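Here this note's numbering is used: the first residue of the sequence shown is 1, the next is one more, and so on.
We put the CB at the ideal spot given by N, CA and C, even for glycine.
Just so it is clear, the structure is predicted and the values come from calculations on it, not from any experiment.
Notes to accompany the following structure.
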Amino acid sequence: MATYWTIIAIIAAIVLYIIIMYNGLIRLRNEVKNSFANIDVQLKRRTDLIPNLINTVKGYAKHEKEVLTAVTEARKLSMDANTIEQKQKAANVMSDTLKSLFAVSENYPDLKASANFIQLQEELTGTENKIGYSRNNYNDMVLLLNSKVESFPSNIIANMFGFRQEKSFEINEAERKNVKVEF
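Next comes the structure, spelled out in structure tokens:
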């Protein structure tokens, strides 16, 4: 009789362990989804600021059609992105085109002094900071989930229930390079 209860206790412990592992994986997967949603909110905010920025710059930099077109196309790419990979690519393209736009603004002192441009630039800077923070948080959650999916014994539970590794939200090659400062 004691053996019977021992077997029941061992089975109950194993089932409880599986439930705890499964719930932990679910929690991490939900954290990853939530973290990506936070990035998405900030990317949408940045995309929404672009028309105002373009209209402000258009008035001052009429001859910079190529840069304004690139920013408009980057905005469209951002709005059309659906998957994590597409959103990541669109975010990187948008960052590059905004850098070009702000570089062009250096040629127009009146534009740089415009209160509207300054406010939009500050809002974009704040949004970029939030995107960076959200990316860090997302990547931290992805790291935790991927570690659980890969490590023993949780990898057994992960494989049983179809948990897969997620991709980190990475920056593009241009942002990885050191900034070159010349005097």
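Minimum Cα-Cα distance from GLY59 among the listed residues ILE8, LEU124, LEU111 and ASN34 corresponds to LEU111. Scanning the segment 75–140 for uninterrupted alpha helix (DSSP H) segments of 4 residues or longer gives 84–105 and 109–113, listed from N- to C-terminal end.
At the C-beta level, LEU120 and LEU28 stay beyond 8 angstroms of one another. The Cβ atoms of THR56 and ALA74 do not sit closer than 8 angstroms to each other. Just measuring C-alpha positions, the residue of VAL142, ARG135 and PHE161 sitting nearest ASP40 is ARG135.
By the neighbour-count criterion, in which a residue is buried when 16 or more other Cβ atoms sit within 10 angstroms of its Cβ, SER154 is buried. According to the DSSP assignment, ALA61 belongs to no alpha helix (DSSP H), since it is labelled neither H nor E.
The segment 89–107 makes no contact with the segment 3–17, as fewer than three CB pairs between them are under 8 angstroms.
Spanning the alpha carbons of LEU68 and THR47 requires a straight line of approximately 14 angstroms. Straight through space, the alpha carbons of LEU16 and ARG45 are spaced by roughly 43 angstroms. Per the coordinates, the alpha-carbon of ASN82 lies some 24 angstroms from the alpha-carbon of LYS99.
For the set ALA13, ILE19, GLU122 and GLU64, the Cα lying nearest the Cα of TYR108 is the one of GLU64.
Taken atom to atom, the span from the alpha-carbon of VAL32 to that of PHE117 is near 35 angstroms. A direct Cα-to-Cα measurement between GLU123 and MET94 gives close to 15 angstroms. At a Cβ-Cβ threshold of 8 angstroms, THR127 and LEU49 count as neighbours.
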